[in-house]
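Heads up, the sequence shown is in numbering that gives the first Met the number 0, so the first residue is 0 and it goes up one at a time.
All C-beta atoms, glycine included, are put in the ideal place defined by N, C-alpha and C.
Quantities reported herein were computed from a predicted structural model and do not represent experimental measurements.
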Amino acid sequence: MKGLLIEGKEIETENRVKVRSPSNPDNIIDEVSFADRETTKRAIDVALEGFHKISSIPLKDRAKIIKKASILIEERKEILSRLLSLESGKPLKDSRVEMLRAIQLFSIAAEEARFILEGKYHRVDSYEYPPGNEYRMVIETREPIGVVAAILPFNFPANSFAHKVAPNIMAGNSVIVKPSPYTPLTALELGKILYESGLPFESLSVLPGDVDVGDELVTNKKVSGITFTGSTNTGISIASKAVQSAKKLMIEMGGSDPIIVLDDANLDAAINVSIKARYEYAGQNCNAGKRILVHEKIYEKFVSQFIEKARKLIVGDPLEESSDLGPLISKEALEKMDNYVEDALNNGGIIKLGGNRLNLKGYFYSPTVISEANTNMKLSKEEVFGPIAPIFKFSDDNEALEIANSSPFGLQASIFTNDLKRGLRLAKELKVGGVMINDSPRLRWDALPFGGVKLSGIGAREGVRSTIEGLTEIKLISINIS
């Protein structure tokens, strides 16, 4: 039995939820206490006290806390990776990578915060107005905003925790974490590690819960900022409520990232990258390559070789070292895949591989390839969080851009070409937050800004530097020395 975390204590509640493994729903991993609205209000009041404590700690000492957390996660990385795989269904080899990223994120946040928060001295004597600037000294500082609510997705319970907690603690904010109801266990363990590392208990709470917890965090006027990763519908709903109390926002939402393979591309490289970009974690990544666009001159060859590679993927128990794909997160996710396949067939698509659930205990879906994909299909208009690879055909660069930009999302994109100028021309016209030339749309540097345009993001972008900048306030201080 796991309790929620408030003020350094593990608190049990009457509302308890069984956490089941998506690879075998009969396997109850643990039971977790869920918070309610009143418990959330209490956590917010505690966090206000925690804000005053963490913001008064010198930056060097905050860094020591975060560095120690990084060391403790490193020491326990295998146990944490297995827990992550159990509750999320992520293959163990991918969970280990996620845990490595979390370790590095804590370390990077501890190191970089001093540069991000160092401030500026403005030479206002270079301006004619207002008069008397030669007698003024103006400095710019960054100050923490207060209580930040961090709402996590199911698919990256460790990495999202690190992204949303470490930079905010370094900035001097207190944090209330609401993990996904599907994957609360990893976040609870990481919260305990931060307490163990010397973080003031009031500065962090971890509240598993349902919509009431999230709604209280979003609407409560004592919360100053929201950092969210999840679906576009939920993100827009959160933003529309949070803006009414002028909260700072960092909303990372869905994606339908195109992979554009031009006729002069290195075909082997494009196929290998596309396979991993589409099927890693059974396609449940926001920046997965969800639409594959291939020039008509190489289309048939690409599809044939892509299918050959996809057939070799091993779907199985996420704790098995050999598994490439685990299960989807829920039964509802399986049903969505069935609907996408049926809709694709009704709109002229051809199922070249898969297209069905697998006869296993958990929520497993077969790696699926759909050729002759088109923009009338739901999988072209919505975010497909599952192992379905629609492959589109285009005749020239303009048509590729038209298909790629037809999506309401704009997270990232890939272009495969041996003509760098051609690739850069396309990159300029793609309506996305990041373009990877001859590389995967899954590419991400955790220290750098990550996010998208259109329905993929609202507010500041996530990343160590951009998180600290987005969830702090600039203050100018002028000193008249006349």
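Are the CB atoms of residue j and residue i within a distance shorter than 7 Å?
| i | j | result |
| --- | --- | --- |
| I414 | F153 | no |
| T228 | E86 | no |
| L248 | I467 | no |
| M98 | A186 | no |
| G315 | N286 | no |
| R122 | A276 | no |
| G385 | G288 | no |
| E371 | I387 | no |
| P323 | L312 | It is worth fixing the name first, because residue 323 is Asp in this sequence and not Pro. Result yes, Cβ atoms of D323 and L312 sit closer than 7 Å. |
| I102 | I72 | yes |
| E201 | E37 | no |
| G197 | I64 | yes |
| I225 | A241 | yes |
| K430 | N404 | yes |
| L151 | S179 | yes |
Rank the options by C-alpha distance to the C-alpha of residue i and give the top, closest one.
| i | options | result |
| --- | --- | --- |
| V460 | E468, I467, L454, G450 | Checking the sequence, you will find Arg at residue 460 rather than Val. Cα-wise, what sits closest to R460 is G450. |
| E77 | L91, K380, S69 | L91 |
| E307 | N397, D316, P366 | P366 |
| A446 | D256, K420, I107 | I107 |
| I291 | K392, V212, E127, G88 | K392 |
| T39 | S322, I436, I5 | I5 |
| L423 | A309, R443, A238, D396 | D396 |
| R310 | Y278, G224, K300 | Y278 |
| E13 | S22, L3, G7 | L3 |
| I259 | E428, G49, P129 | E428 |
| R464 | I10, P448, N284 | P448 |
| Q550 | G353, P317, D267, S321 | Residue numbering for the chain in the displayed model covers 0 to 481; residue 550 lies beyond these limits and cannot be assessed. |
| P257 | Y126, V302, S406 | S406 |
| L359 | P317, K351, E381 | P317 |
Below 7 Å CB to CB, which residues in the same chain sit around residue i once its five sequence neighbours on both sides are set aside?
| i | result |
| --- | --- |
| N346 | N373, N375, M376 |
| A264 | F415, T416, N417 |
| G171 | I53, S54, P143 |
| K330 | Y362 |
| N26 | R19, S20 |
| E482 | One cannot answer for residue 482 here, as it falls past the ends of the chain, which runs 0 to 481. |
| G432 | G409, L410, Q411, G450, G451, V452, S455, G456 |
| G234 | F227, I250, M252, I457 |
| D44 | none |
Does residue i have its Cβ less than 7 Å from a Cβ in chain C?
| i | result |
| --- | --- |
| K67 | Chain labels in this structure do not include chain C; a single protein chain is all it has. |
Give every residue of the same chain whose Cβ lies closer than 6 Å to the Cβ of residue i, excluding the five residues on either side of it in the sequence, and list them in chain order.
| i | result |
| --- | --- |
| V174 | V147, A149, V164, N167, L203 |
| G208 | F33, A34 |
| D124 | N132, E133 |
| I478 | M136 |
| Y298 | K392 |
| P326 | P21, S22, G88, G361, Y362, F363 |
| K296 | D262 |
| V212 | A34, T39, K177, L206 |
Per the DSSP calculation, residue i is bridged to which residue(s)?
| i | result |
| --- | --- |
| G288 | D256 |
| Y364 | R356 |
| V272 | Beta-bridge pairing links V272 to no other residue. |
| L324 | V314 |
| K474 | T140 |
| H51 | According to DSSP, H51 bridges with nothing at all. |
| F531 | As displayed, the chain neither begins before 0 nor continues past 481, which places residue 531 out of reach and without an answer. |
| A149 | V176, T226 |
| R135 | N479 |
| H294 | F393 |
| L248 | I225 |
Beta-carbon within less than 8 Å of residue i's beta-carbon, same chain only, minus the 5 sequence neighbours each way: which residues are those?
| i | result |
| --- | --- |
| A62 | A109, E110, A112, R113, M169 |
| D342 | M376, K377, L378 |
| R141 | I115, L116, G118, A170, I467, E468, T471, E472, I473, K474 |
Enumerated in chain order, which unbroken segments of the beta strand (DSSP E) with a length of 3 residues or greater are wholly contained in the stretch 366 to 437? Counting only runs of 3 or more, we get 367 to 372, 387 to 393, 411 to 415, 433 to 436.
List in chain order: all unbroken beta strand (DSSP E) runs of 3+ residues lying wholly within the stretch 3 to 45. Those beta strand (DSSP E) runs which fall completely within the stretch 3 to 45 and span 3+ residues are 3 to 5, 8 to 10, 15 to 20, 23 to 32.
Alpha helix (DSSP H) segments (min. 4 residues) lying fully within the stretch 68 to 114: For the stretch 68 to 114, the full-length alpha helix (DSSP H) segments reaching 4 residues or more read 76 to 87 along the chain.
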